[in-house]
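Each residue of the sequence shown is one higher than the one before, counting from 7 in the numbering used here. Glycine included, every Cβ here is placed at the ideal spot set by N, Cα and C.
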Amino acid sequence: MLLLEVDRVLKPGGYFVLTSPTNKAQGNSPDTKKTSISSRVDELSKKICWSLTAQQDETFLWQKTADSKCYSSRSEASIPLCKDGDSVPYYHPLVPCISGTTSLKPEEFFEDIQVWRSALKNYWSLLTPLIFSDHPKRPGDEDPLPPFNMIRNVMDMNARFGNLNSALLDERKSAWVMNVVPVNARNTLPIILDRGFAGVLHDWCEPFPTYPRTYDMLHANELLTRWCVLRESTSCLGIHRIVC
């Protein structure tokens with residue numbers, strides 16, 4: 007069950023490194039070490055589409071596959087793939103299943119990322135007059151750009167696929183993004199995590215677990231349409247608490 011939990015939290019293509027200094031007492035040959043540690047894992051690794059990629063002394067390196075075909079080609083006796091209800095991330099007993107890979111329609115993903123690349127340029131230009139002028143206006147080509155590091159910590163409160171995060175990286179903005187997926191929205195957190203971004207599920211009816219004044223910018227695309235029934239003043243106070 008421990009390795010199944012490792013598989014659950016490991017992204018496709020990720021690595022699991024196992025170091026066991028206790029091997030020294032069992033001999034120094036590579037064959038002895040491999041037998042003492044990896045033999046118990048080898049059989050399971052084939053069932054969950056892991057491959058042993060390297061071994062040095064007491065350290066073993068397995069890689070989780072990123073190829074969805076591996077899961078479909080396994081025998082029926084292999085450990086099953088998790089169902090939607092098995093992917094609850096918090097306060098849920100371990101389930102004997104593996105996460106596999108996440109599927110998404112390419113056209114849906116690429117349409118979304120194009121929207122955010124365009125939107126980010128608008129956001130950044132709208133911030134310019136707030137810094138360099140006493141009179142907010144739509145900036146022109148002659149206006150200076152905002153400071154490169156004016157925004158460092160960003161929260162996307164309804165992140166979907168994490169494409170605001172991706173657009174910031176494409177524009178070489180030195181910003182760190184916390185991607186939040188509302189619990190009452192489509193659970194796209196596996197996609198965000200598979201892309202190597204930071205992300206979390208959260209119920210916006212509850213305070214976000216962070217210190218006050220943590221973020222330079224909060225982004226809330228279509229969030230109010232999913233918000234729970236709260237007084238507007240209470241909702242705004244929650245946002246005010248975590249903005250610098």
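If you draw a straight line from the C-alpha of residue i to the C-alpha of residue j, how long is it?
i	j	result
P215	D13	26 Å
R158	A165	17 Å
L170	W122	6 Å
W182	Y129	16 Å
L9	E49	12 Å
P196	V160	20 Å
E114	E11	30 Å
W68	L175	29 Å
V101	L87	10 Å
S74	V206	24 Å
S79	L58	19 Å
G20	W56	10 Å
S26	Y77	29 Å
C211	V187	13 Å
I198	D63	35 Å
T194	P213	21 Å
Hey, out of the options, whose CA is closest to residue i's CA?
i	options	result
S51	H208, N128, E113 and I104	I104
S180	D222, E212, Y217 and L195	D222
H208	L229, L24, K75 and G202	L229
Q61	L126, F22 and P18	F22
K89	S81, L58 and G106	G106
A125	H225, V15, L16 and L24	H225
V189	G202, R178, D200 and M163	M163
K127	H98, E64, E177 and E212	E177
First and last residue of the alpha helix (DSSP H) that includes residue i?
i	result
D13	L8 to V15
P196	L195 to D200
A173	N169 to D176
So, under 8 Å CB-CB, residue i and residue j are touching, yes? Tell me the CB distance rounded to an integer number of Å.
i	j	result
I54	I85	6 Å
A173	N185	About 12 Å; that fails the 8 Å criterion.
A72	P18	4 Å
L16	K70	5 Å
R201	G168	6 Å
Assuming residue i is part of the beta strand (DSSP E), what are its boundary residues?
i	result
K75	Counting along the chain, K75 falls outside any beta strand (DSSP E), though it belongs to the alpha helix (DSSP H) covering S74 to S78.
W182	W182 to P188
F214	No beta strand (DSSP E) holds F214; DSSP gives it neither H nor E.
T65	T65 to K70
L58	W56 to Q62
L24	Y21 to T25
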